[in-house]
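So the protein lines, in turn, are chains A and B.
If you count the first sequence from 1, position 7 lands on 185 in our numbering, and the numbers rise without skipping.
If you count the second sequence from 1, position 319 lands on 497 in our numbering, and the numbers rise without skipping.
What follows is a single structure, written as C-alpha cells, with notes after it.
Number of protein chains: 2
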Amino acid sequence: MGQGKVTILDVAKHAGVVPSTVSRVLNGYPDVSEETRTRVLKAIETLGYKPNRAARVFRTGRTQTVSLILPMVGTDFYIRLINAIDGELARYDYDAALFPLLSQRRLERYRDPGALPYHADGLLISSLNPDHLFPGGKIPADLPTVLIDIYHPAYDTVTVDNVKGGYLAGEHLAERPAETFAVMVEERFNTPFASGVFRDRLQGFKQALLDAGQPLPEENVITVEFSWDGGRIAAREILNRCRGPINVFASCDLLARDVMDELRHRDLPIGREVRLMGFDDQPWAEDCNLSTVRQPIEAMGAFAVKLLLKRMKEPDRKLTHKVFEPQLAVRGSTKGGESGG
Amino acid sequence: MGQGKVTILDVAKHAGVVPSTVSRVLNGYPDVSEETRTRVLKAIETLGYKPNRAARVFRTGRTQTVSLILPMVGTDFYIRLINAIDGELARYDYDAALFPLLSQRRLERYRDPGALPYHADGLLISSLNPDHLFPGGKIPADLPTVLIDIYHPAYDTVTVDNVKGGYLAGEHLAERPAETFAVMVEERFNTPFASGVFRDRLQGFKQALLDAGQPLPEENVITVEFSWDGGRIAAREILNRCRGPINVFASCDLLARDVMDELRHRDLPIGREVRLMGFDDQPWAEDCNLSTVRQPIEAMGAFAVKLLLKRMKEPDRKLTHKVFEPQLAVRGSTKGGESGG
DNA sequence: TTGAAAGCGCTAACAG
DNA sequence: CTGTTAGCGCTTTCAA
C-alpha cells in the first residue's frame, strides 16, 4: 500500500467516481453527497493515498505557507511570538516556515528572489528593518508582508510602544526618588539587527523622569555590549559611582538579571537600597521578583497573522500600523522591604 | 517587466527557440550552442523571467531542500551546526529549511506525514530521538534521514563521543588531585528532548577518575535544573560541603560559567584553589579562560550532509554510524597561577 | 545541437 | 450533485 505513488486517479477509480469528485472531497467542498464522500474516503483509506503537495501548490499557486524571517530563535520573545503566530496560522490552515538570520551567508542567500523564504504566500518579518536587510530596502520577492516589532512607513506593521514602556518604568521609579541609572544595550548602526527598541525604551524612560522633575543625567546612562557579562560590568560601574539609594532601569530583563546578581553578591537589599526594573517580563522574571514591563507578544503575533491574511486577500487595502501597549509588572525589586530572589 | 507571470514559453518565443531549449540553458546542459545560450540568457534578462519553483518541484519531484529538525536555534552549538550544514548543502545546490521543535503543538503537527518538514528531499534530525519523538519511533514520512548528535541503530548517525569527552576532562583533572565534583543537568526521561549527552559526559568523566584511582563519590555529583541559576546553586552546594582545593567538572560551558561566577564572587582563585572544566567550547569560553572540551561541530555538519546526499542517491546503502572525537581545550581555569577572567 | 510532444497530479471552470 | 475538459510551467524522452 501507499508507496507514495497513489494518485487521485487511483482513488477515483477505486471509488467509482471521477478525479474531480475526489478533489472535492479532499478540499471539503459542501456539494458532495454523503454517500460518495464516504466511498471516496474509504478508497483513500484503503489505498493509503497521500495528496501530492507539490502538485497542489503548482496547480493552485498557493503554498499555504507563511515565511517568518527573524534574527534568531531561542529567546523567550521569539519563542512566544512564533507560538502565537503558529497557533493563529493553524486556524486558517496555514503553516509557518522559520528563517532565522543566523549568519551573513544566509542573509545573502535571501537576497535572491528565488530563495526558499519567498516560496510562500506571505511574509512576516520580525525585528528586522528591510532598509538594512536588503539593497535599496526592497524585499526581493513581491509578497504580502507584515513587519513585527519594528516600524516602517511602507509596510503593515505591528509594534509595541517601547517608548511608552520606558515611560511606565520611569514613572514607576520616579515615585521613589533616588539616584537613577539606565543600563543600555549597544545597538550598532547599519547592522541588520538594529531595530531601535532599546533606544526607544530609554527615550521613554528619560521623558518620564523629566516629566517628574528628576531628569536623568547623561552620564547615568551606562551603555554595555550585549555579552555574557554586560550586566555585571554595568552594575559594578554604577556601584563604583554611587553609594546611597539607587534606582536602576535595565533595558531588558536579561541585563537586569545580571545586574541583580551583582547586587545580591554585594548584599545590597534589592527593593530597598537599590530598586531595579527590567523590560520584557521573561518567564523567570517573576521568580527573580523582578519588576519589569510586559509586552503583549501573543496578541501581537495573532494580530500580525490576521493582518497578513487580510493583505493577502486584498493587496490594495490601505496600510495598517498597529501599536500595542505594554504593561507594568510591579514586583519585589521595586517594592519596599523584601529582597529580590 | 517581470510580474512573475513570465514563463519559459515567453522566453522561448522572445529568443526564437523552443521551451525545452530554454530549460536546457536554465539547467546548465552542456549541449547548447554558445550562440543560442546567450540569446536565451538575454531574453531571460530583458523579460525578467523568474523560474517557477512550484512547477519545477512538481515536474522533477525534487525540492532541492533538506529539512533540519532540531530542538531550538540560538545556542552556539546549533548556530554552528546550522551554518556548517547550510554551507555544505549550498555546495550541492540545496537549501536547508529549519524546524525547531519549540512547542508541543509543533511536534504534533510534525506527526502528520503531509507536514511541511517532509516536503523535502531529505531529513536531518539533530539531538532528538525519533523513538521519543514519534509514535512507534517511526518518522512520519519515508525520507532519507540522517541523525546528528544522537545515536540510533536504525538510521545513519553522526555523533560526537561524549563519553570520550568526559573521559578527557576526567583524565585532565585527575592529574591534579583534589576533592572532585561533577555538575550535571537534569535530563528527564520520556522527553523528546533527552538525547543523553550529559549522561554520557558524566559516564566518561567517572570512568577516567576510576582509572586514575580517584573514583568519584556518588554524592559529589550535583544535579541541577538547566535554569537561569542552576550553576550558581550547584556552586553554593559544593562550597558548603568542602573547603580545600576542589576540582569541578560542569557538563556544559553554560553551567561552568555560572559556577565560575559564583566562585569569583567568593574570591576563590580559579585555577588554584578551585579548578573548573566545562564542555562545548562556547565562543566566550576562551575569554573566560575556561578549560573545556571542544566538539568538531563543523566537521559533523558537513559529514552529515554528505552522508544524507549519499543516502538520497543510494537508498539501499548500508548504514553509517560516524563518531567524531572531541578535543581538550586547556586554559587558565585548570592551570595553576592566573585567575580566570 | 535543437525541436516536437507528452505528461507530472491536481483543481476549477463549465456543463449536464 | 457529478462528470468532462483543459491546463498550470516545467522537464524529459524521442526524433530530427
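Backbone N, C-alpha and C fix where the C-beta goes; we use that ideal spot for every residue, glycine too.
Please determine, among A/L441, A/V471 and A/H350, the residue with the shortest C-alpha to C-alpha distance to A/F376.
A/V471
Does the beta carbon of A/V483 sit closer than 8 Å to a beta carbon anywhere in chain B?
no
Taking only beta-carbon atoms, is B/F404 less than 8 Å away from chain A?
no
Quick check: the segment 424 to 438 of chain B against the segment 346 to 358 of chain B, are at least 3 beta-carbon pairs closer than 8 Å?
yes
Assuming A/L280 and B/I257 form a contact by the criterion Cβ under 8 Å, report the distance between their Cβ atoms to the nearest whole angstrom.
5 Å
Assuming the contact rule is C-beta atoms closer than 8 Å, A/M490 and B/V251 should be a hit. Round their C-beta distance to whole Å, please.
The pair is not a contact, with the Cβ atoms about 27 Å apart (cut-off 8 Å).
Give the list of continuous alpha helix (DSSP H) stretches no shorter than 4 residues that lie fully inside the segment 308 to 359 of chain A.
308 to 311 and 340 to 352
Is any beta-carbon of chain A found at less than 8 Å from that of B/K183?
no
Figure out for me which residue from B/E440, B/V508, B/K183 and B/K220 has the closest Cα to the Cα of B/G409.
B/E440
Tell whether a beta-carbon distance below 8 Å holds between B/D431 and B/L468.
yes
Apart from the five residues just before and just after A/E415, which ones in its own chain have a Cβ nearer than 6 Å to its Cβ?
I400
Within the 8 Å Cβ cut-off, does B/R509 reach chain A?
no
Only counting runs of 3 or more residues, tell me where the beta strand (DSSP E) segments fall wholly within the segment 240 to 322 of chain A, in order along the chain.
243 to 248, 273 to 278 and 300 to 304
What do you reckon, are the CB atoms on B/V196 and B/R215 nearer than 8 Å?
no
Given B/L276 as reference, the closest of B/Y333, B/S245, B/D327 and B/T323 once Cα atoms are compared:
B/S245
Assign B/T214 to one of three DSSP states: helix, strand, or coil.
helix
Spatially closest choice to A/A320 from A/Y296, A/Y345, A/S305 and A/K342, by CA coordinates
Checking the sequence, you will find Asp at residue 320 of chain A rather than Ala. Taking only the C-alpha atoms, the option nearest A/D320 is A/Y296.
On the criterion of 16 or more Cβ atoms from any shown chain inside 10 Å, does B/G147 qualify as buried, or is it exposed?
Because chain B is modelled from 179 through 519, residue 147 of chain B falls outside the range shown and cannot be assessed.
What's the gap between the Cα of A/F502 and the Cα of A/Q460?
18 Å
With 16 as the cutoff for other CB atoms within 10 Å, does A/V235 come out buried or exposed?
buried
Taking Cβ-Cβ distances shorter than 7 Å, what residues in chain B pair up with A/A233?
F236
Buried or exposed for B/G180, going by 16 or more other Cβ atoms inside 10 Å?
Residue confidence for B/G180 is low, a pLDDT of 41 falling below 50, so the modelled location carries little weight; the figure read from the coordinates is stated next. Under this definition B/G180 is an exposed residue.
Go ahead and pull the three-state DSSP assignment for B/D445.
coil
Contacting residues, own chain, Cβ-Cβ under 6 Å from B/S511 (five flanking each side not counted)
I448, G449, L454, N467, L468, S469 and G518
List, in order along the chain, the chain A residues whose C-beta lies closer than 8 Å to that of B/K228?
P291 and G292
Since B/E184 and B/V200 should fall inside the 8 Å C-beta cutoff, what is the C-beta to C-beta distance between them, to a whole number of angstroms?
According to the sequence as given, residue 184 of chain B is Val; it is not Glu. Their Cβ separation, rounded to whole angstroms, is 11 Å, which puts B/V184 and B/V200 out of contact at 8 Å.
So, at 6 Å on beta carbons, what are the nonlocal neighbours of A/A274 in its own chain, with the 5 sequence-adjacent residues on each side left out?
V244, L246, I263, D264 and L267
B/S281 versus chain A: which residues are under 7 Å apart at the beta carbon?
N261
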